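Comments concern the structure below.
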Amino acid sequence: MFVYSSISHYQSQLTQGHTTCVEAVEHYLRQIAATRHLNAYVAVYEAEALARAKELDTLRKEGKTTGRLHGVVIGVKDVISHEGHPLTAASGILQGFEAIYSATAIKKLLDEEAIIIGSLNCDEFAMGSTNEHTVYGPVLNADDESRVPGGSSGGSAVAVQAGLCMVSLGSDTGGSVRQPADFCGIVGFKPGYGRISRYGLIAYASSFDQIGIFSTNIPDTALLLEIMAGPDVADSTASRQQPDAYSKELDTPKTPYRIAYFPEALDHPSLDPEIRDAIYKRLESLKNEGHHVQPVNFDLMDYIVPSYYVLTTAEASSNLSRYDGVRYGHRTEKPVTDLVDFYKKTRSEGFGKEVKRRIMLGTFVLSAGYYDAYFTRAQKVRKLLTTKIELIFNDFDFIILPTAPTTAFRRGEKTEDPIAMYLADIYTVMANLAGIPAISLPLFRHNNGMRFGLQAMASRQNELSLLRFSHELLTNREN
Ligand code: GLN
5 MFVYSSISHY
15 QSQLTQGHTT
25 CVEAVEHYLR
35 QIAATRHLNA
45 YVAVYEAEAL
55 ARAKELDTLR
65 KEGKTTGRLH
75 GVVIGVKDVI
85 SHEGHPLTAA
95 SGILQGFEAI
105 YSATAIKKLL
115 DEEAIIIGSL
125 NCDEFAMGST
135 NEHTVYGPVL
145 NADDESRVPG
155 GSSGGSAVAV
165 QAGLCMVSLG
175 SDTGGSVRQP
185 ADFCGIVGFK
195 PGYGRISRYG
205 LIAYASSFDQ
215 IGIFSTNIPD
225 TALLLEIMAG
235 PDVADSTASR
245 QQPDAYSKEL
255 DTPKTPYRIA
265 YFPEALDHPS
275 LDPEIRDAIY
285 KRLESLKNEG
295 HHVQPVNFDL
305 MDYIVPSYYV
315 LTTAEASSNL
325 SRYDGVRYGH
335 RTEKPVTDLV
345 DFYKKTRSEG
355 FGKEVKRRIM
365 LGTFVLSAGY
375 YDAYFTRAQK
385 VRKLLTTKIE
395 LIFNDFDFII
405 LPTAPTTAFR
415 RGEKTEDPIA
425 MYLADIYTVM
435 ANLAGIPAIS
445 LPLFRHNNGM
455 RFGLQAMASR
465 QNELSLLRFS
475 HELLTNREN
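Under the working numbering, think of the first position of the sequence shown as 5, with each following residue one higher.
Okay, structure coming up:
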């Protein structure tokens, strides 16, 4: 039987002849078929993945393998372009659309001999926290099927949680990688803004969006980051700084870290007391291990979710204006009177409820009479927050927070109350507003049986130290 634990273990099994890429792909195809009801995948590239696996097995036998991701089976969120494959953002407006080029991140994975096995369900245009707003129907949490997997990258999280691929890609605009990882008991990593090129990632809110990684361990995360990161002529917002050799530098001599936490966040009324206690306990043991752990005042807690929703909906209303039914995607078949009527009918039919809500909200906050009251103010909050976070990182290496205020919601629990759903993003949006790297680590289990994570954040460009710290935390996990 094929058993996966990490990329390096898998690859040594391959070199020693204990397994093959074909065996791995067949294993995942069987697992995917057996768990169709979880609804994680929206497309599975069965024949293509098998053919590629066969090719790679031959190459390896001939001693011609060069890829650092040789045979690694990866699932990709349905918002990242992969040439010749379906790309729909789980939306009716892109039904039937196929990507005409590959995202830089995808090209880099394929160049390293990865096998992309399929495309993963998500909330429409990556807007949501439950993976219930999707044209393909909701994704189920494999740990408890009466619960949501989180969102928006719910399919990507479940694919790793349920062993339906080795690692997967998601996108994180306000927590869409970290929160589903938290709900599903796996590792979810969002690099700092600009670390991975956004070329080929469907835009939700361009100044927040980042491709992120789901995995079961830090060495896998580090290797994928190392491969996908780096400057890109096709994305002017991609950092020009060369990335570190993350996967090779994970083990370093132990030094005491300076760790900050926000009492305002941990004592927030929305936080489940059991989650609060688990985080406090972990902070306490970090202190006992010799790290400097200190509370820091943070008075912006109540402003970050509102400013996140003002800014991201504003950006979304502009980004989503391209879906007009003229050149690609859904086009109304109803009779139309003029071009505006054509746009209205096409867009009313193509977009789902949550996306429409956000386009309207975004258009409103950008409108002439309200621009300064909402958009400009939210920009100011973002600036304040970024400065505050920079100051904190002058004195600290990491900030520790919960990832989410509760464990995975029950299905349907938040669908009728969008505000309640937005407020649950309280701990994740901070890293996107400030553009810093952040990770959710599956360290805890709640009395209700669900796993949940601890969130750690580092300063801009400091993915390496964040991954080292995470590696340490996960290896010494207590429960
Ligand atoms: N839940 C957040 C939202 O709905 C996060 C989305 C994301 O990161 N893509 O906007």
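The C-beta atom is built at its ideal place from N, Cα and C for all residues, glycine as well. Quick caveat: nothing in here was measured; it's all calculated off a predicted structure.
Residue i: CB within 8 Å of a non-hydrogen atom of the ligand GLN
{"i": "Gln-183", "result": "yes"}
{"i": "Thr-432", "result": "yes"}
{"i": "Asp-176", "result": "yes"}
{"i": "Thr-419", "result": "no"}
{"i": "Tyr-14", "result": "no"}
{"i": "Asp-82", "result": "no"}
{"i": "Ala-424", "result": "no"}
{"i": "Ala-130", "result": "yes"}
{"i": "Asp-186", "result": "no"}
{"i": "Gly-234", "result": "no"}
{"i": "Tyr-208", "result": "yes"}
{"i": "Thr-316", "result": "yes"}
{"i": "Gly-179", "result": "yes"}
{"i": "Asn-323", "result": "no"}
{"i": "Asn-436", "result": "yes"}
{"i": "Ser-172", "result": "no"}
{"i": "Ser-156", "result": "yes"}
{"i": "Asp-115", "result": "no"}
{"i": "Glu-133", "result": "For clarity, residue 133 is Ser in the given sequence; the question names Glu instead. Ser-133 Cβ: within cutoff of the ligand GLN."}
{"i": "Asp-376", "result": "no"}
{"i": "Asp-271", "result": "no"}
{"i": "Asp-127", "result": "yes"}
{"i": "Asp-429", "result": "yes"}
Presumed contact (8 Å Cβ cut-off) between residue i and residue j, rounded CB distance
{"i": "Gly-154", "j": "Ser-133", "result": "6 Å"}
{"i": "Ile-126", "j": "Gly-159", "result": "Reading the sequence as shown, one finds Cys at residue 126 and not Ile. Yes, Cys-126 and Gly-159 are in contact; Cβ-Cβ is about 6 Å, under 8 Å."}
{"i": "Leu-18", "j": "Leu-73", "result": "The pair is not a contact, with the Cβ atoms about 12 Å apart (cut-off 8 Å)."}
{"i": "Pro-406", "j": "Leu-275", "result": "6 Å"}
{"i": "Asn-323", "j": "Tyr-208", "result": "7 Å"}
{"i": "Ala-460", "j": "Leu-445", "result": "7 Å"}
{"i": "Ser-321", "j": "Thr-350", "result": "So it is not a contact: roughly 16 Å between Cβ atoms."}
{"i": "Glu-288", "j": "Asn-451", "result": "Not confirmed; about 20 Å, so no contact."}
{"i": "Glu-458", "j": "Ile-190", "result": "Per the sequence presented here, residue 458 reads as Leu, with Glu not at that position. Contact flag wrong, Cβ pair sits at about 13 Å."}
{"i": "Pro-184", "j": "Ser-150", "result": "Not really, about 16 Å apart at Cβ, beyond 8 Å."}
{"i": "Ala-166", "j": "Leu-42", "result": "6 Å"}
{"i": "Asp-148", "j": "Met-434", "result": "No, Asp-148 and Met-434 are not in contact; Cβ-Cβ is about 28 Å, not under 8 Å."}
{"i": "Glu-102", "j": "Leu-60", "result": "That belief does not hold up - the Cβ atoms of Glu-102 and Leu-60 are roughly 24 Å apart, past 8 Å."}
{"i": "Phe-212", "j": "Glu-268", "result": "With 8 Å as the limit, Phe-212 and Glu-268 do not qualify as a contact, their Cβ atoms being about 23 Å apart."}
{"i": "Gly-75", "j": "Ala-51", "result": "With 8 Å as the limit, Gly-75 and Ala-51 do not qualify as a contact, their Cβ atoms being about 17 Å apart."}
{"i": "Ser-95", "j": "Gly-329", "result": "With 8 Å as the limit, Ser-95 and Gly-329 do not qualify as a contact, their Cβ atoms being about 12 Å apart."}
Are there three or more Cβ pairs, one per stretch, closer than 8 Å when the region 6-24 is compared with the region 46-56? no
Below 8 Å, can you find three or more Cβ-Cβ pairs linking the region 167-178 to the region 216-231? yes
Does the region 312-323 come into contact with the region 410-422, if we say contact requires no fewer than three beta-carbon pairs (one atom in each stretch) closer than 8 Å? no
Length-filtered (3 minimum) beta strand (DSSP E) runs lying within the region 43-117: 45-48, 77-81
Curious, which full-length alpha helix (DSSP H) runs of at least 4 residues does the region 141-198 contain? 158-165, 182-188
For the pair the region 259-268 and the region 388-406, tell me if three or more CB-CB distances fall below 8 Å. yes
Suppose only complete runs of 4+ residues qualify. What are the alpha helix (DSSP H) ranges in the region 339-408, listed by chain order? 343-354, 357-370, 381-399
Can you find at least 3 beta carbon pairs, one from the region 421-430 and one from the region 461-481, that sit closer than 8 Å? no
The region 377-391 / the region 299-315 touching (three or more Cβ pairs under 8 Å): yes
Count Cβ pairs between the region 230-245 and the region 197-213 that sit closer than 8 Å; are there 3 or more? yes
Does the structure place the region 436-446 close enough to the region 460-471 that three or more beta carbon pairs sit under 8 Å? yes
For the region 104-121 and the region 79-96, state whether three or more C-beta atom pairs, one from each stretch, are separated by less than 8 Å. yes
Is the region 344-351 close to the region 327-335, with three or more CB pairs under 8 Å? yes
Which runs of the alpha helix (DSSP H) at least 4 residues long sit entirely within the region 430-459? Give them in chain order. 433-438
Would you list, in sequence order, the uninterrupted beta strand (DSSP E) runs of no fewer than 3 residues that lie entirely inside the region 213-254? 214-219
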